[in-house]
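Heads up: the sequence lines are chains A and B, in that order. Letter by letter, the first sequence follows residues 1 to 524 in the numbering used here. Letter by letter, the second sequence follows residues 1001 to 1524 in the numbering used here. Here the structure is laid out as structure tokens; the discussion comes afterwards.
Protein chains: 2
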Amino acid sequence: MGGTRFFFVNGAEALLRTLVAADVDVCFANPGTSEMHFVAALDRVPGMRAVLGLFEGVVTGMADGYARMAGKPPVTLLHLGPGLANGLANLHNARRAASPIVNVVGDHAVTHAQYDAPLASDVVGFARPVSAWVHSAVSARTVGADTARAVQAARQYPGQIATLILPADVAWNEGASPAAALAPVGPADVSADAVAAAVAAVRSAGSRAAILMRGQALQDRGLRAAGRIAAATGARLLCDTFAPRLARGAGRVAVERLPYFAEQLVESLSTIEHLIIVGSKPPVSFFAYPGKPGWCTPEGAAITYLAHAHEDGVAGLEAVAAEFSAKPAPVELVLPDEPEGPLNQFTIGQVVARHLPENAIVSDEGATNSLGPGLALATARPHDHLSLTGGSIGQGLPLAGGAAVACPDRKVVCLHGDGGAMYTVQSLWTQARENLDVTTIIFSNRAYSILQIELSRTGARDLLGEGDDKALSMFDLSNPDLDWVQLAGGMGVSAVRVHDVAEFSSAFRSAMNQRGPRLIEAVL
Amino acid sequence: MGGTRFFFVNGAEALLRTLVAADVDVCFANPGTSEMHFVAALDRVPGMRAVLGLFEGVVTGMADGYARMAGKPPVTLLHLGPGLANGLANLHNARRAASPIVNVVGDHAVTHAQYDAPLASDVVGFARPVSAWVHSAVSARTVGADTARAVQAARQYPGQIATLILPADVAWNEGASPAAALAPVGPADVSADAVAAAVAAVRSAGSRAAILMRGQALQDRGLRAAGRIAAATGARLLCDTFAPRLARGAGRVAVERLPYFAEQLVESLSTIEHLIIVGSKPPVSFFAYPGKPGWCTPEGAAITYLAHAHEDGVAGLEAVAAEFSAKPAPVELVLPDEPEGPLNQFTIGQVVARHLPENAIVSDEGATNSLGPGLALATARPHDHLSLTGGSIGQGLPLAGGAAVACPDRKVVCLHGDGGAMYTVQSLWTQARENLDVTTIIFSNRAYSILQIELSRTGARDLLGEGDDKALSMFDLSNPDLDWVQLAGGMGVSAVRVHDVAEFSSAFRSAMNQRGPRLIEAVL
Chain A
1 MGGTRFFFVN GAEALLRTLV AADVDVCFAN PGTSEMHFVA ALDRVPGMRA
51 VLGLFEGVVT GMADGYARMA GKPPVTLLHL GPGLANGLAN LHNARRAASP
101 IVNVVGDHAV THAQYDAPLA SDVVGFARPV SAWVHSAVSA RTVGADTARA
151 VQAARQYPGQ IATLILPADV AWNEGASPAA ALAPVGPADV SADAVAAAVA
201 AVRSAGSRAA ILMRGQALQD RGLRAAGRIA AATGARLLCD TFAPRLARGA
251 GRVAVERLPY FAEQLVESLS TIEHLIIVGS KPPVSFFAYP GKPGWCTPEG
301 AAITYLAHAH EDGVAGLEAV AAEFSAKPAP VELVLPDEPE GPLNQFTIGQ
351 VVARHLPENA IVSDEGATNS LGPGLALATA RPHDHLSLTG GSIGQGLPLA
401 GGAAVACPDR KVVCLHGDGG AMYTVQSLWT QARENLDVTT IIFSNRAYSI
451 LQIELSRTGA RDLLGEGDDK ALSMFDLSNP DLDWVQLAGG MGVSAVRVHD
501 VAEFSSAFRS AMNQRGPRLI EAVL
Chain B
1001 MGGTRFFFVN GAEALLRTLV AADVDVCFAN PGTSEMHFVA ALDRVPGMRA
1051 VLGLFEGVVT GMADGYARMA GKPPVTLLHL GPGLANGLAN LHNARRAASP
1101 IVNVVGDHAV THAQYDAPLA SDVVGFARPV SAWVHSAVSA RTVGADTARA
1151 VQAARQYPGQ IATLILPADV AWNEGASPAA ALAPVGPADV SADAVAAAVA
1201 AVRSAGSRAA ILMRGQALQD RGLRAAGRIA AATGARLLCD TFAPRLARGA
1251 GRVAVERLPY FAEQLVESLS TIEHLIIVGS KPPVSFFAYP GKPGWCTPEG
1301 AAITYLAHAH EDGVAGLEAV AAEFSAKPAP VELVLPDEPE GPLNQFTIGQ
1351 VVARHLPENA IVSDEGATNS LGPGLALATA RPHDHLSLTG GSIGQGLPLA
1401 GGAAVACPDR KVVCLHGDGG AMYTVQSLWT QARENLDVTT IIFSNRAYSI
1451 LQIELSRTGA RDLLGEGDDK ALSMFDLSNP DLDWVQLAGG MGVSAVRVHD
1501 VAEFSSAFRS AMNQRGPRLI EAVL
């Protein structure tokens, strides 16, 4: 890339060539007028795939799914402050997933900012809450260098969101040159003291020790090391309720996913005397409730950080494992029988587990219907499980799409609650357009079912008025019922509605035997 | 309200009672777990209507439409930082419309903030770019007072966005009391000097003077005063391309809507020697373009601010008009004939203008297809016209819904481009649920047509690669075509697709003769 220093182009082209040189080669986009020169550069510069989303929450959600599966950043292209704003919720989820993403947000020309035109806004202000790195480019001459820094920031271990604001005149002005890729900041070494503390902890506490993992530790190398420790000492292996990515199924080392509700979380951790953290944080309840605990680790339990999120948790686990000679006990393949009985999350889970192909990717925003598939999939064929890291619903559909872009040879199955799926329903159109190999299962219970539960758990149900269903109507998605067959058909995705297990099984098997997007509305 | 000082309830109920006491009586909501006590209070406290939206951009867009038509603030209920984030783009539009809105954003309990749970985020950071007033409540004892201040801030003339963040424990804790409404800050007086300058300007410049109006000035009293000035002096009456609300049609005073594109804007203003501003700003181009002007008022033209946005523009116009004795010339009713020829924005506009009932509300996000209806509606039956104030597409559908909530006895017609309509397509579900009297016309050109135009206008079309349609594919909404009949049907709104003028006219007349939501996909 040294020669490119003398290669003058416009700012947009320099930006794009810098991205491609840094191995950023997929752009999830929803452009507008201020991004026209970026779009033209997409056409001219080889090596960048462009994937259109019809709403920015789709764009950023796809970027997150891509980043989790590709292990490298994509770039998003967003239209000024409001375009970025539409993508913020899924950037919140991506931030919690530590997904590396470079956002390029077009803005008014630097010379136009003085006029406070209708679309002018505080773009930096919108970007800051989700971005580890924010910069507004000021000149075509420096935008190549800015871009290299943005990619470096996104790649800082374990992954961050970097937002580069690109004023229109910076994009169209000439005199720019691409910049060479910068070396990203890799994981920091774990400390020898932390390794020694973890070794001592698993030796002394045995099955009363637990290792709570996140990030790379939940992939093959990390899991094998953790499995050796568990086999030798009896230590439990845990992951967060919402881990960004977890390798699961036959041949892998089993990890317990922590439960969602605080009282179950407390119960699950009640025997722990020593909690060893690898890339995660001590478990807390997802929400606070009157009179219930927020902190869920037992009082008196010791906590050791074997690896903070920015440290090399895999190496840490391997260093601990090196003290033991046991072999990990891999999960054996056990496929459920074809189920009978009513259509519910458990029978659906059994069908999915029975027929899920090897190396599939499961994007799970099943919400109150995630437990059934989660149980059944534990011993299914090996697969990756992606979950709702930041709790902002409307992530599962685009996450599935982005994963399919990253891994075109792997089947993607998306498990989704109906309420959450409506947030980024436009995702289905991109699935159709790109012929992404995603099968979506909508759990159609026609309610914000989690909120019906939470109304009681927060104590608010006791405070309702009499004979007035105004509160309950806020969680009711019937009146009218959503018709997912029509919604999917309206965006070019073929869909079917099923009411019993036999219909569901037939539809799911059919989807597994074909390529391309399908949707199954499972009426519960 | 004095007695309520001694009336102790929980924080959520105090908040809600304070809102109702301040005449805020519609809540557009998309709640989550942290808002359960607010939802329970909705049930218990009389006087607050609750309208559910399946996505927060729908919620905030409806709030804007309601505020523009009701002339008073609604409240939104949003779920933590990401829920607010999903609503930001339409809050940007609402900010540009000077719509009074109170946002209540639930947050984690104050005691839970220390744990950085998955949904924790910088809520104040998300709120700031769109909010004139932001406050995070810290105690049930003070949340009533906080709420009164929030409403006061929203009502500050001409209207602002106030965001009150409500931690879950502030909502559920007892010991709160409602607060009495505070007097809002009304419009400031215009200065006598400004009135004198405006009088002199219209006297001396005559038809080379123009009065550019926004806000209240575009309603009946303001228009009558402006019409007297125009009748006496020949001064032109202008409004911005995207005025929040404009009273139009027969019996009203005609106002020229400024064109969108900069060169047309420059041409339109080329004869102006004196520009008089009432609640607006000097016109600038919507975007910047290489080598084209951003500032569109002729060099050398004088500019007088008769009224800044926070001043009483109506009184200012009346003070100027008092110097003259002419009567305004009202628009005469001229309805187009039933058109023949191809289905396009002009024939659609003629049908709409011919059959639009008196006192209808037109929510216009027609984008490249707005001109035809705009021309034809100029002499139609009197109606209100609402437009895309902040330029962030995806506003028209929820704006129409909110207007229908505010004005249940008026027919609402929504003109919408297909690309923009996808952003907040979930709006249709709320229309069906609440049986809102909205007829939506989708201009189905299966493209981001404005961007196809802007690609040339920015000069970027000349920079495309050869034989590569990657850039053009970013503006193409075919492959697959969106099927609006299925999309609407999937959300309970009956819809029809039309391909010619006769079909369109039949569908539109039918919709005008019935109540409730309808959608017409006009394939162009």
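Backbone N, C-alpha and C fix where the C-beta goes; we use that ideal spot for every residue, glycine too.
Provide the residue(s) that pair with residue i in DSSP beta bridges, ordered along the chain.
i	result
TRP527 (chain A)	Here chain A comprises residues numbered 1 to 524, so residue 527 (chain A) is not present and cannot be evaluated.
TYR305 (chain A)	A:ILE277
ALA1162 (chain B)	B:VAL1102, B:TRP1133
THR440 (chain A)	A:CYS414, A:LEU519
SER1387 (chain B)	B:ASP1364
ALA1447 (chain B)	B:ASP1476
PRO408 (chain A)	Beta-bridge pairing links PRO408 (chain A) to no other residue.
ALA1154 (chain B)	Answer by DSSP bridge pairing: none, since ALA1154 (chain B) is not bridged.
PRO1330 (chain B)	B:VAL1253
Are the C-beta atoms of residue i and some chain B residue less than 8 Å apart?
i	result
PRO517 (chain A)	no
GLY3 (chain A)	Bear in mind that a pLDDT of 45 at GLY3 (chain A), under 50, signals an unreliable position, so the number given afterwards is only what the model happens to contain. False, the Cβ-Cβ gap to chain B never drops below 8 Å.
ASP437 (chain A)	no
ASN103 (chain A)	no
GLY489 (chain A)	yes
GLU338 (chain A)	no
MET474 (chain A)	yes
HIS112 (chain A)	yes
TYR401 (chain A)	In the sequence on display, residue 401 (chain A) carries Gly and not Tyr. Closer than 8 Å: no.
Run through DSSP, which three-state label would residue i get?
i	result
GLY1516 (chain B)	coil
HIS112 (chain A)	helix
PRO1293 (chain B)	coil
GLU174 (chain A)	coil
ARG497 (chain A)	strand
HIS79 (chain A)	strand
VAL284 (chain A)	strand
PRO1373 (chain B)	helix
GLU311 (chain A)	strand
ASP107 (chain A)	strand
PRO1167 (chain B)	strand
PRO1398 (chain B)	helix
ALA1378 (chain B)	coil
ALA1188 (chain B)	strand
GLN426 (chain A)	coil
ASP1146 (chain B)	helix
PHE1008 (chain B)	coil
Tell me, please, whether the CB atom of residue i is closer than 8 Å to any CB atom in chain A?
i	result
TYR1157 (chain B)	no
THR1389 (chain B)	yes
ALA1089 (chain B)	yes
GLY1492 (chain B)	yes
MET1422 (chain B)	yes
HIS1135 (chain B)	no
PRO1269 (chain B)	The residue you asked about is not Pro; residue 1269 (chain B) is Leu in the sequence shown. Chain A, which has no Cβ nearer than 8 Å to the Cβ of LEU1269 (chain B), makes this no.
GLN1426 (chain B)	yes
GLU1454 (chain B)	yes
GLY1081 (chain B)	yes
GLY1032 (chain B)	yes
What residues of chain C sit near residue i, judged by a beta carbon separation below 9 Å?
i	result
TYR1115 (chain B)	The chain inventory of the structure shown lacks chain C, comprising the protein chains A and B.
* Contact between the segment 129 to 140 of chain A and the segment 1286 to 1296 of chain B (3+ Cβ pairs under 8 Å) -> No, they do not touch.
* **Sequence ranges, beta strand (DSSP E) only - wholly within the segment 1193 to 1258 of chain B, length at least 3** => Along the segment 1193 to 1258 of chain B, the beta strand (DSSP E) occurs as fully enclosed runs of 3 or more residues at 1209 to 1213, 1236 to 1239, 1246 to 1248, listed in sequence order.
* Asked: What runs of the beta strand (DSSP E), each 3 residues or longer, lie entirely inside the segment 1010 to 1070 of chain B?
  -> As far as the segment 1010 to 1070 of chain B is concerned, its whole beta strand (DSSP E) runs of at least 3 residues are 1026 to 1029, 1049 to 1052.
* Flag this pair as touching only if the segment 175 to 192 of chain A and the segment 107 to 121 of chain A have three or more C-beta atom pairs under 8 Å; answer yes or no. => Contact between the segment 175 to 192 of chain A and the segment 107 to 121 of chain A is absent, because fewer than three Cβ pairs lie under 8 Å.
* Looking at C-beta atoms only, is the number of pairs between the segment 30 to 37 of chain A and the segment 46 to 61 of chain A that lie closer than 8 Å three or more? -> Cβ pair count under 8 Å is three or more, so yes.
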